[in-house]
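Some notes on the structure that comes next.
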């Protein structure tokens with residue numbers, strides 16, 4: 113019959129469904145037999161971990177929402193109600209609260225993996241850009257979620273972040289009023305943040321679907337950064353990488369559990385145990401740890417508009433990274449200089465994070481300025497120039513035949529990209 | 038490798054231990070069972086969070102002062118979010134409730150089983166129709182009380198007598214009794 117899929121499943125029920133809606137054939141193709149480079153290291157676990165983490169956040173979030181009141185008068189006490197009265201409410205909240213931190217840990221490592229192994233390079237530019245969209249959505253979601261407990265840090269964090277938009281000339285103050293739904297952060301702000309905090313994770317699911325769909329068109333990158341050349345270079349996703357991902361999920365859940373059960377407030381801020389007070393700002397405003405580097409960039413610039421632009425720019429520059437990096441070699445393993453400079457960049461980001469946690473005075477201002485400068489230097493100068501100057505190491509001929517000492521697969525001329533892959 | 042039976046199994050096909058169960062089947066069953074237990078352990082806190090929270094459970098009793106309720110009148114108090122009917126029955130109503138033949142009833146139950154001994158004039162009921170959960174009329178003397186002088190459910194026409202027993206369908210059962218006790222002759226504690 114025209115239009116019907118020829119299903120190979122023996123089970124008659126599965127076959128009947130699959131003939132009409134080939135989801136089983138699709139799962140079989142994309143997750144079971146999917147040819148995956150056989151040389152993944154554990155860095156390739158973090159996409160799966162992030163997906164698991166998102167699922168945990170959505171599930172705990174739905175149950176928290178059943179007990180939470182998005183009302184300025186009730187929000188803080190409804191969170192206390194969750195912590196004290198609701199059955200396992202403490203568990204749901206601590207998992208959700210620390211899940212945000214775990215989500216950023218996992219995602220930042222996932223992004224580092226992409227930077228180190230050149231996963232953003234052709235043909236995976238769009239895949240990478242979708243990833244940047246995911247990061248931005250995650251940040252918006254995390255920020256609005258942090259406002260919901262309506263403690264002092266929630267309230268003043270919301271005030272400071274929304275006021276960023278006031279930096280834009282002429283329309284700035286109007287935008288801020290629009291965001292607030294009033295003339296200060298208040299009940300309307302809390303209501304809309306709750307609505308959006310509930311909505312955005314599902315938008316995330318959609319963008320992540322596109323991210324994975326794009327991944328399954330280009331195929332995964334791998335630690336060597338060279339294309340798959342033959343079926344010998346790949347393994348079926350199941351059971352090889354389902355098993356490897358499962359090990360990663362176990363380690364992830366152990367770390368997550370240690371955080372939830374032994375140090376649930378370690379990453380939080382004591383000020384958020386004080387109900388929001390619109391008439392008093394806490395002595396020092398600090399965002400959650402995952403925003404600290406951006407916060408440091410913001411504060412390192414003495415001009416309001418420029419600071420805001422630099423902060424957003426530090427994220428937006430990642431959209432054009434595939435074109436800023438002019439080297440055709442993907443993996444840092446074969447880029448002797450980039451391999452060191454990427455770590456300088458990581459140190460700069462970590463130092464920015466430390467600066468963001470301190471009051472902007474003395475050495476912290478100097479440090480954050482140097483690191484901000486280096487951050488942009490890395491993207492805007494080093495990467496474009498390095499690709500032209502750096503002499504890459506010889507690339508192996510294939511994933512199956514890695515370079516073995518001096519006998520290696522033989523140098524490819526001028527670090528040219530590997531031949532277009534002939535996929536199985 | 039540590040298992041001698043594995044080393045002994047030199048023939049082709051699934052490796053069996055001494056019980057004859059293929060080892061792979063056993064491993065798969067243990068894995069699946071472990072996963073099922075884990076999933077259950079994860080699901081339970083989520084499901085239990087939807088059960089009544091501690092502050093809801095704390096609101097489990099309410100005291101009612103009976104002195105303002107005159108004969109023939111009833112009041113409604115809220116207990117755990119449910120309407121509790123407290124009705125001061127007249128001598129006629131008590132007699133009607135006691136004299137009815139049990140075999141005439143849909144759910145046979147003597148009136149003595151539905152009031153506290155020595156407090157025949159007070160009938161205390163959970164005022165939720167056993168049909169589909171509406172609140173029957175009949176506490177105020179001006180309300181419709183049905184043919185048996187008790188309560189009349191406006192939703193589907195069920196009728197209850199002065200002891201709260203169903204006398205006319207579609208309700209299948211008598212109005213249930215809440216747990217309560219007389220703290221004094223003029224005060225009860227529900228719950």
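Residue numbers (our numbering), protein chains in the order written: chain U, 113 to 536; chain R, 38 to 228. Where is the CB? At the ideal position from N, CA and C, for every residue including glycine. Bear in mind the structure is a predicted one, so any value in this text is a computation, not a measurement.
Buried/exposed call for residue i, threshold 16 Cβ in 10 Å
i, result
"residue 296(U)", "exposed"
"residue 550(U)", "Not covered by the structure: residue 550(U). The range shown for chain U is 113 to 536."
"residue 154(U)", "exposed"
"residue 362(U)", "exposed"
"residue 188(U)", "buried"
"residue 400(U)", "buried"
"residue 179(U)", "buried"
"residue 415(U)", "exposed"
"residue 359(U)", "exposed"
"residue 155(R)", "exposed"
"residue 88(R)", "exposed"
"residue 396(U)", "exposed"
"residue 418(U)", "exposed"
"residue 136(R)", "exposed"
"residue 138(U)", "exposed"
"residue 123(U)", "exposed"
"residue 135(U)", "exposed"
"residue 68(R)", "exposed"
"residue 196(U)", "exposed"
Those residues which DSSP pairs with residue i across a bridge
i, result
"residue 123(R)", "112(R), 161(R)"
"residue 221(R)", "224(R)"
"residue 346(U)", "149(U)"
"residue 196(R)", "189(R), 205(R)"
"residue 263(U)", "387(U)"
"residue 102(R)", "224(R)"
"residue 539(U)", "Examination of residue 539(U) is not possible in this model, given that chain U is present from 113 through 536 alone."
"residue 174(R)", "189(R)"
Beta-carbon neighbours of residue i, restricted to chain R and to distances below 7 Å
i, result
"residue 201(U)", "86"
"residue 175(U)", "83, 86"
7 Å CB neighbourhood of residue i in its chain, flanking five on each side removed
i, result
"residue 239(U)", "323, 326, 327, 330"
"residue 423(U)", "406, 409, 410"
"residue 315(U)", "249"
"residue 394(U)", "264, 265, 268, 383"
"residue 500(U)", "438"
"residue 277(U)", "284, 287, 288, 291"
"residue 585(U)", "With chain U represented from 113 up to 536, any question about residue 585(U) goes unanswered, as that position is not in the structure."
"residue 226(R)", "98, 100, 217, 218, 220"
"residue 121(U)", "127, 130, 136"
Listed by chain order, chain R residues near residue i by CB distance under 9 Å
i, result
"residue 204(U)", "82, 83, 86"
"residue 178(U)", "86, 87"
Residue i: contacting residues in chain R (beta-carbon distance under 8 Å)
i, result
"residue 171(U)", "83"
"residue 305(U)", "Ordered by position in chain R, no residue passes the 8 Å Cβ test against residue 305(U), which lies about 23 Å from the chain."
Within chain B, partners of residue i - CB distance below 8 Å
i, result
"residue 222(R)", "Reference to chain B is not applicable here, since the protein chains of this structure are U and R."
Close Cβ partners of residue i (< 8 Å) along its chain, the five nearest in sequence each way excluded
i, result
"residue 591(U)", "Nothing about residue 591(U) can be read from this structure; chain U reaches only from 113 to 536."
"residue 224(R)", "100, 101, 102, 103"
"residue 144(U)", "348, 349, 350"
"residue 210(R)", "143, 144, 167, 203"
"residue 267(U)", "259, 297, 388, 389, 390"
"residue 120(R)", "113, 114, 163, 164, 165, 172"
"residue 164(U)", "361, 364"
"residue 169(U)", "208, 211, 212, 215, 313"
"residue 193(U)", "179, 201"
Residues near residue i by beta carbon distance below 6 Å, same chain, minus five either side
i, result
"residue 139(R)", "145"
"residue 457(U)", "490"
"residue 182(U)", "302, 303, 306"
"residue 205(R)", "196"
"residue 204(U)", "172, 175, 176"
"residue 495(U)", "436, 437"
Beta-carbon neighbours of residue i, restricted to chain U and to distances below 8 Å
i, result
"residue 90(R)", "179, 193, 197, 198, 199, 201"
Output, in sequence order along the chain, the residues in the region 185 to 197 of chain U whose CB is closer than 9 Å to any CB in chain R.
-> The region 185 to 197 of chain U vs chain R, Cβ under 9 Å: 193, 194, 196, 197.
Got a sec: which bits of the region 354 to 387 of chain U sit with their beta carbon under 7 Å from any beta carbon on chain R, in order along the chain?
-> Among the residues of the region 354 to 387 of chain U, none has a Cβ less than 7 Å away from any Cβ of chain R.
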